[in-house]
Each structure stands twice: as C-alpha cells, then as structure tokens.
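Here is the structure we will look at.
2 protein chains.
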Amino acid sequence: MSTVALAFDLGGTELRGALVERSGEVVARVSEPTLAGAGSEAVIGQIIALANKLLDENSLAKVIGIGACAPGPLDPKAGIVIGPPTLAGWHNVPLIDILSRQFGLPVRLENDANAAALGEWRFGAGRGTESLVFVTVSTGIGGGVVADGHIYHGRRGLAAEIGHMTITGEGDRCFCGAVGCFEAVASGTALGRRATRLTAPGDGSLLRRLSKDGDVSARHVVEAARTGDATARDLVEAEAKWLGIGFTNLLHLYSPELIVMGGGLANGFDLLSPTIRATIDERAMPAYRDVPIVPAELGDRAGLVGAASLILWEGEPGTALSMVQNEESKTDGAADARVG
Amino acid sequence: MSTVALAFDLGGTELRGALVERSGEVVARVSEPTLAGAGSEAVIGQIIALANKLLDENSLAKVIGIGACAPGPLDPKAGIVIGPPTLAGWHNVPLIDILSRQFGLPVRLENDANAAALGEWRFGAGRGTESLVFVTVSTGIGGGVVADGHIYHGRRGLAAEIGHMTITGEGDRCFCGAVGCFEAVASGTALGRRATRLTAPGDGSLLRRLSKDGDVSARHVVEAARTGDATARDLVEAEAKWLGIGFTNLLHLYSPELIVMGGGLANGFDLLSPTIRATIDERAMPAYRDVPIVPAELGDRAGLVGAASLILWEGEPGTALSMVQNEESKTDGAADARVG
C-alpha cells in the first residue's frame, strides 16, 4: 500500500475516518455515530479508537499525517475547534495538539465546508480550476471558497459563512437570530418547512403520503417533484429561486470560475438547475452569467479527501504539486504511529 | 525629488493625475473634468497631456512607472478597460498597452475601488492589517477586498462587486435590473431619493431649504442631521441600518480584520456609526462582532496612491516591502519618458 493520510470528518451526527491516497482514492473507511452529547474527551476517544482500527487493519499503509475536518467555528491555523453548535462541550479544543501528541504525526485541521471545497476542487467537480465556491445545501447552508489556488480563510479562518448572508427581509427567523439569512430561506430545512406548511396530515397529498403524514422533508419534495407532483414542482421552483439569488451574490462577491453545489439537496440538482440558471441570468451582471453551476461529485467523501489533501498535497492545480515535507513523514510510518 | 510613480485616477466626472512617492505622499497633482462622452481616444489624450504637464513641471522626478485606476469592469491582468457605464465609447480598451507604448514605462491597472482599497490599506485607515474590506458609499456602492496581503481578484478581476449583492426583497429596482441590491437601498443616491420622497418643494422643511426646493441629496441629509433635524435623523438611522446589514454580510463572507468606509457618505460616518454598529451587533454571529468599522482616511487621494503603489510597492505590510524591479526603472526616468 502506498503513502496515505489518515483523514477524519467529525460531524455532529457521524464520525468518519479513512485512509486516503495521494490520488484522492479512499483505500479504507470506517464510521460510527458521533457521541455528540458526551463532550470532547469522549469524541476524541472515538477518533483515537477509529484511527487505531484503521491502522491495525492496514498495517502496510505508510501514514504520513492526519488531516481532520470539523464543524465551524474553528481556527485552522491555531488548530482549535472553537465551539460548534452541533457538538456539546467543545470549547476551544486544541485538536491539532491533542492528535499530534497522541500519534506523533503532523496534523492539519480545516472546517468541514472548507475541506469539502478542497476535496471537490482537487479531486471532484472543480478539478482544473483555479477558483471555485463550494456550497453545501442540507440542514443548513455552508460554504468554502478556493481562490488563486488556496482556501480563502480571512481573519481566524472565518470567511465564507455564506449561510448567514442576508438575502431578503422576509421568512422565518434564522437560528442565529437574524431574518433573511440565505440558510433560513434556502436550506433543505427551509424547503421541508414550506412543504409541511403547505400540506396537512391526512390531506392525501403525495408529499404527506411520502412523509407518512409526518413533517415533510426536502427529500420528500424532491421525490414527489420527480413524479411530476404539481405542489412539489412549485416548491422546487421557489427553492431554486432562493438558491439563484444566493448564488448570484456569490458570483458578484467572489467571482469564482465555478460554483459547486453539494449537500443533501444536490440530489435534486437536475430539478433545481434550470430555475437556478434562469435566476442568475436575470439577476447577475452580464460578465458573471457564463459561470457554470455544477453538482458536487464526491458526495460524503468530499470532506475526507479534502482533509487528507491538507497532508498529502500542497500547491496548485495545473502546476507541479509538491508533497508536504514533514520530518515525521520520513520515519517508518504507521506501525510507529499506532497508540493504545 | 525622489523616485515616484505617475498615478491616474480616471473617473466618469474627473480625471486626476499625480506624482506619488514611495511613502504614499502626493508630491504633485493635477486634474480636469473627464471628457466622458467623447470616447476613449479623447480621454487617453487627456491622460497623456496631464502626464506631460506633471513631467514638465517636475523635471527632477525619477518616474519609474504608471499606475492607473478606472471604473470597472476591467481586467487588471490583461490591462483592459472592459466597458465602464460612466465612460461612453470605452469597449475593451487595452489601456496598459497604450500607455506603456506611449511612455516606455511599466504600467499597471486596477479598478478604482480596488485601488482605493490598496491605498487605504497601505497608507490610510488599514495600515498594519493583513486584510480589509473597503466600501465606498456615494452615488453607488463599490468595494475592494484585501486578503492575506493581496487584492482579492477572482475570475477576470471581477470579485467584490458588493454594490450588487442582494440584501433585501424591497425597494426601488437597481439600474442593473434586480431588486434589493445593496447599492439600490444604501447608496447616497438611495438616501437622497428617500429624503426627496419624504418632503416636498415648499414644505419649509430644513431638507428642502438646504436643497433650495430641488431634489434632496445625501449631503443635505447629513447636514440637516447635524443640526438635530428629526426627519434627517430618522433618514440617517434607516440608512445606517441598511449599511449595517450589508456590512454584516461582508463580515460573514470575507472575515476581514477591518471594514473601511469611504465615499461621499463617509462625511457622515460619525452620525451613521452608532446604528451601523448596533445593527452588526444584532445580526452578525458573535465571532465577527469585534471587527472595527472605521472611516477612510485618504479621501479622494485613495485611488491615486493605491494605483501608484502598484508600481512602487510589492509585498505585505509588516514585512519587508520590496521595490518592484523593472528594467525600465533603471533608465534615467522622467526626461526619457516624456512624449509629445
């Protein structure tokens, strides 16, 4: 087995680990439900256990470092998980320090949306571009920006909080307290909420049949729209308009070569795309209208391979990619790194 | 006289030229009304005439290059002014080629908002920071973003078109065709329009007395608010709320160390600032709330000194600044460059 990075994608629901090759190929993968309510020590214990499992089962792997991603806010330079709303008891956890001491390997940390942006840029829908905006639309809306061949970080790594860009004065109040956030009107959650309000339990609608008369989710809306259901089609149309307004802002603000849409709602990209495009053509200034909007290619691998690339790759696409040089990478690798 | 850059700030109303030293000091300055309706050849003729005037009157200056800024859209890398709405007959004008052939000097081009951002960052309100967003609020709203010590350009240099970021669903249609653009609700023009609608000729209001019963401008509103006029104060309050919403977006999207507000409306910065601040405190996520919002310091010099810095400076503040090395700069300078 060739040189690999140990990669972790720490989510509020699932903790994923993998061994990833330089090519972006995932050669081994493990996951388990995150003990999200149990505090940082318990979850770090899970990470260590999964790491050891991967290393034990792949004893020939030459592991040169650990790339991890976690929900923001986090400080990628300092290596600190500041306080993600989905992980109880995580306050300024120095994850890089903890993992590098534990494993004696170089560790890099990035927020999950930035890692997914890196993954799609280096190995997915953004291959060959110099800049892109990655937008993940699911429960919330997050994003990562690659510009001039690098993640755009800003102060404390906090740039590209695109879910909390105000795009309207209407709609439900966002969990952040403001009205009109992109996320509050255009996330999968917002779409499900609109569908739930538009229907009622027992009304016989396709949406409520799919949801078994429970709350309707974005997934049900996409499923119903695929069968031609008129209510679902209208909901998809309205959703795509909001996405188009938000994407137009991203074009005007970041001027990327490409927008890549990921997250759960990307499953309905083909249905959403025509109205997203029409909204951009209507609202964007002419010079921005020819920028492609494409679906993500890597699914839930994007964060893992992006995190791994923090260890495996440095440099820019289209130019010579140089390996990250670490003193630690010159040791004998996996066997030495395994800890109990 | 020391080494200088010849700088031009080509506006739709005024054409400004200057000789600027490495320190940012403007050692000579000329200006005249732009022949904005006369096409590119006439205006380039004005630039050449002003350049020769500056060179003639400062024959000891050692001019090492020309830094110019012009309204967008323009392509800074290719050196092409694409088609600014305020300059008739400018379509894909290769300004760098034209001026470098004319003067035999290196020429650099940047859009006016980016040049002003560079000026404020290197010599004004942003000295010592690594990142800032410069926002100019006057007839329209424009901006420039400095990140990691560089102007954030994006594809074709088109990033930071912040005036056309949608922030609401209400208000007058923007000249770009969309509803809800930051510029359409928060520019000086929008403020003047609201003041004009709220009053009527002959109503005896302070605003109409200041405007001599003509249309009320943003300048009149600021002037009246300074005297405590209640209507003007309310207008300033509403204006500051819109600015606060837009600035919150800029914090979430770019995460700068600083926002610098320039343009005509910056004259009322002290009146606007408390409500801008309160709006940010209400809407921004906690991690962004401590970012200072400050007024620009350089006034109408910002674009000139920023354009000059494209020639005079390379590198980042706080680190060693290296001079741009040009073969041409090693010649004897001004006398050789002067043309008829």
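Protein sequences appear in the order of chains A and B. The numbering of the first sequence is this note's numbering, which starts it at 2 and goes up by one. The numbering of the second sequence is this note's numbering, which starts it at 2 and goes up by one. Built from N, CA and C at the ideal position, the CB exists for glycine as well.
Practice prompt. With distances taken Cα to Cα, identify the nearest neighbour of B/S274 among B/G245, B/N112 and B/N250.
Written response: B/G245
**Asked** Closest Cβ-Cβ distance between A/M262 and chain B: below 9 Å?
**Response** no
Check your understanding: What residues from chain A crowd round B/T155, counting only those whose CB sits closer than 8 Å?
Key -> Note that residue 155 of chain B corresponds to Gly in the displayed sequence, not to Thr. For B/G155, the C-beta contacts it makes with chain A under 8 Å involve S132, A148, Y255, S256 and P257, in order along the chain.
- Task: Counting only the same chain and skipping the five closest in sequence on each side, list residues whose C-beta sits under 7 Å from that of B/H154.
- Result: P77 and A160
Query raised in the report: Along chain B, which residues have their Cβ under 8 Å away from the Cβ of A/I152?
Result: The contacting residues do not exist; A/I152 stays about 11 Å from chain B at best.
Q.
Using the three-state DSSP reduction, which class does B/T140 fall into: helix, strand or coil?
A. coil
Discussion item. Rounding to the nearest angstrom, what Cα-Cα distance links B/L272 and A/G73 in this structure?
Written reply: Roughly 35 Å between the two C-alpha positions.
task: With hydrogens ignored, establish whether the beta-carbon of B/T190 is closer than 8 Å to any heavy atom of the ligand ADP.
output: In terms of ligand content, the structure shown is empty, and the ligand ADP therefore cannot be addressed.
- Message: Please list, in chain order, the chain A residues whose beta carbon lies closer than 7 Å to that of B/N115.
- Response: Within 7 Å Cβ-Cβ: nothing; B/N115 doesn't reach chain A, min ~12 Å.
Review point. What's the call for A/G205, buried or exposed, on a 16-neighbour Cβ count within 10 Å?
Key: exposed
Around the C-beta of A/R198, are 16 or more other C-beta atoms found within 10 angstroms, so that it is buried, or is it exposed?
exposed
Q) Shortest alpha-carbon distance to B/T4 belongs to which of B/T14, B/A43, B/L56 and B/I48? A) Looking at the Cα atoms, B/L56 is the closest of the given residues.
_Does any residue of chain A have a CB that is nearer than 9 Å to the CB of B/A288?_
yes
Mind pulling the chain B residues with CB within less than 7 Å of A/I81? Correct list: empty, because the minimum Cβ distance to chain B is about 12 Å.
task: Give every residue of the same chain whose Cβ lies closer than 6 Å to the Cβ of A/G158, excluding the five residues on either side of it in the sequence, and list them in chain order.
output: Excluding residues within five positions, the ones whose Cβ falls inside 6 Å are D76 and P77.
Which residues, in chain order, does the segment 40–71 of chain A contribute to contact with chain B at a C-beta distance below 9 Å?
none
Exercise. With DSSP as the reference, label A/N250 as helix, strand or coil.
Key: helix
- Item | Near-chain A residues of the segment 165–185 of chain B - C-beta to any C-beta below 8 Å | Residues of the segment 165–185 of chain B with a C-beta less than 8 Å from any C-beta of chain A: H165, M166, T167, I168, T169, G170, E171, C177, G178, A179 and G181, listed in chain order.
Report task. Determine which residues of the segment 225–255 of chain B have a Cβ less than 9 Å from any Cβ of chain A, and write them out in chain order. Result -> I246, G247, T249, N250, L251, L252, H253, L254 and Y255
- prompt: Using the beta-carbon of each residue, which ones in chain A are nearer than 8 Å to B/I281?
  reply: Those do not exist, as B/I281 stays about 11 Å from chain A at its closest Cβ, beyond 8 Å.
### Host alpha helix (DSSP H) of B/L305 (start-end)
DSSP places B/L305 in the uninterrupted alpha helix (DSSP H) bounded by A303 to L313.
(Q) If distances are taken between C-alpha atoms only, which option among A/R194, A/M166 and A/A226 comes closest to A/S218? (A) Closest option to A/S218, Cα to Cα, is A/R194.
*asked:* 9 Å is my cut-off, CB to CB: does B/T87 come that close to chain A?
replied: no
TODO: Mind reading off the beta-carbon distance from B/L119 to B/S256? Whole number of angstroms is fine, and I expect it under 8 Å.
DONE: By a beta-carbon distance limit of 8 Å, B/L119 does not contact B/S256. Their separation comes to about 19 Å.
_Against chain A, with Cβ distances strictly below 9 Å, would B/V138 count as a contact?_
no
Quick check: what's the CA-CA separation for B/R210 versus B/K242?
The alpha-carbon atoms of B/R210 and B/K242 are separated by roughly 26 Å.
Any Cβ of chain B within less than 9 Å of the Cβ of A/A118? no
Whole angstroms are fine: how far does the CA of B/G25 sit from the CA of B/G129?
Annotation: B/G129 to B/G25 spans about 15 Å, alpha carbon to alpha carbon.
Flag A/V5 as yes if its beta-carbon sits less than 9 Å from any beta-carbon of chain B, otherwise no. For A/V5, the answer is no, since every Cβ of chain B falls outside 9 Å of its Cβ.
Under 9 Å between the Cβ atoms of A/L16 and A/S41?
-> no
Cutoff 6 Å; reference B/V180; Cβ partners in own chain excluding five residues on either side: R174
Whole angstroms are fine: how far does the CA of B/E283 sit from the CA of B/G215?
Each residue's Cα considered, the two are about 37 Å apart.
Applying a beta-carbon distance threshold of less than 7 Å, which residues of chain B neighbour A/E121?
Residues of chain B passing the Cβ test: none, with the nearest at roughly 17 Å.
Item checked: B/E121 classed as buried or exposed, judged by whether at least 16 other C-beta atoms fall within 10 angstroms -> buried
Could you list which residues in chain B have their beta carbon closer than 9 Å to that of A/P77, in chain order?
Correct list: empty, because the minimum Cβ distance to chain B is about 12 Å.
Can the beta-carbon of B/P95 be found closer than 9 Å to that of B/A69? no
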